[in-house]
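In this note's numbering, the protein residues as written are 42 to 311. The block underneath contains the structure these notes are about, expressed in C-alpha cells.
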Amino acid sequence: MDGLCKNCSANISGTYCQNCGEKVVAPEDFYISRYISSFVSGLTNVDTKFYRTLGAFVKRPGQLSRDYFAGLRKPYLSPIQTFLIVTVVFFVFAPDFDIFYIPAKWFFAGLTADSPYLANHLAMEKMTALDLSRAELALKYDVTVRNHSKAFLFLGIPFLALGSYLSRPKTVPQIGKHLIFATHNLSFFTLWFFILLFIAFKVPQDLTPDWFMRILSFGGCYVYFALANRRTWNDSWPRAWFAGFLQMSALFVFIYVYRSGISFATLQGL
Ligand SMILES: [Zn+2]
42 MDGLCKNCSA NISGTYCQNC GEKVVAPEDF YISRYISSFV SGLTNVDTKF YRTLGAFVKR
102 PGQLSRDYFA GLRKPYLSPI QTFLIVTVVF FVFAPDFDIF YIPAKWFFAG LTADSPYLAN
162 HLAMEKMTAL DLSRAELALK YDVTVRNHSK AFLFLGIPFL ALGSYLSRPK TVPQIGKHLI
222 FATHNLSFFT LWFFILLFIA FKVPQDLTPD WFMRILSFGG CYVYFALANR RTWNDSWPRA
282 WFAGFLQMSA LFVFIYVYRS GISFATLQGL
C-alpha cells in the first residue's frame, strides 16, 4: 500500500508512516470488531502505562529520567503527562496548606491602615477600588490565592533544572536533560506533599506536629532527589547527596520566591 502520508506527506510503504508513525487507513479499520478491540486495548494500554510509570516513579527514583535519556520512552507516560496528572490530583484533592502562599491573616488582614508595608498599600487600594471591607477582601483573596498557588507550580521546573544543571555543568551541558529531570523531581515533590498533607489531615494534629511534617516532607524529598541523581546519572553517593542538596536549595529558593510572588500577584489581580 504505497503512497503519501496524509499527515506529513512522506512516502509510505507498509501500514505505518516511517516518518511520523501515522497509520494508513484500511477498510478493516471500520469494522465493528476493530472498534471494540481498539476501545478495550485503548483502555488497558493507558492503564498499563499509568501503573508502570507510577511504579517506576515511586519505587525506583530516577528510573524514568534514566530510561527517557536512553531512548526508552514508549512504556511510560511522558514527563509532562506525569507532571500534569500529579498536579491535577493535587489541585482537585489536596487539602489547603499555606506553604505555597501567604494567607490573608499573615499577609494583610491583621495590618492597620497606617502600616507602611507594601501589602497594606495594595490592600487599601483594592478595598477602595472594589468597595470591600478588609475582612471581605481577605475572604476573597484567600479563595483566589489557594487556586493560584496550585495552578502555577510548574514554575518550579526551571528552578529545579538550574539546581540540576549547576550540579554537573560540564558532564551534562544540555539544559533539556535537566528540564526533564526537574519535571520528574517536581512531580515527586508535589505527589509527596499531597500524600503527607492527606495523612496529616486524617490523623489527629498531636500525632503530626508541624515540625515533624516539615522534616518528613523536605527530608523525604531530599532523600528522593539524592537517589534519583544516583540512578539517573550514575553518581557516587557523595556526589548524589551533593547534587540533591543543590536541587533542594533551588527548591527552597523557588518556594520562597513563589510564595511571595503568587500572594502579591493575586492581591494585585483581584
Ligand atoms: Zn507521516
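From the three backbone atoms N, C-alpha and C, an ideal C-beta is built for every residue, glycine too.
Task: Delimiting residues of the alpha helix (DSSP H) encompassing Val127 - done: Pro120 to Phe134
Open item on the list: Are the CB atoms of Leu237 and Leu313 within a distance shorter than 8 Å?
Closed with: Residue 313 is absent from the structure shown; the chain starts at 42 and stops at 311.
Open item on the list: By the three-class DSSP mapping on this structure, what secondary structure does Asn52 have?
Closed with: strand
Open item on the list: Any heavy atom of ligand 1 closer than 7 Å to the beta-carbon of Asn52?
Closed with: Outside the cutoff, so no.
Task: Start-to-end residues for the alpha helix (DSSP H) that takes in Phe286 - done: Trp278 to Gly310
Task: Length of the line joining the Cα atoms of Val99 and Leu220 - done: 19 Å
Open item on the list: Is Asn86 near ligand 1 - that is, is its Cβ less than 7 Å away from at least one heavy atom of it?
Closed with: Asn86 Cβ: outside cutoff for every heavy atom of ligand 1.
Task: Beta-carbon contacts of Tyr182 that lie in its chain and below 7 Å, excluding the five residues immediately before and after - done: Ala145, Thr307, Leu308 and Leu311
- [ ] Taking Thr123 as the reference, give the member of Leu232, Met254, Pro199 and Met289 with the closest Cα.
- [x] Leu232
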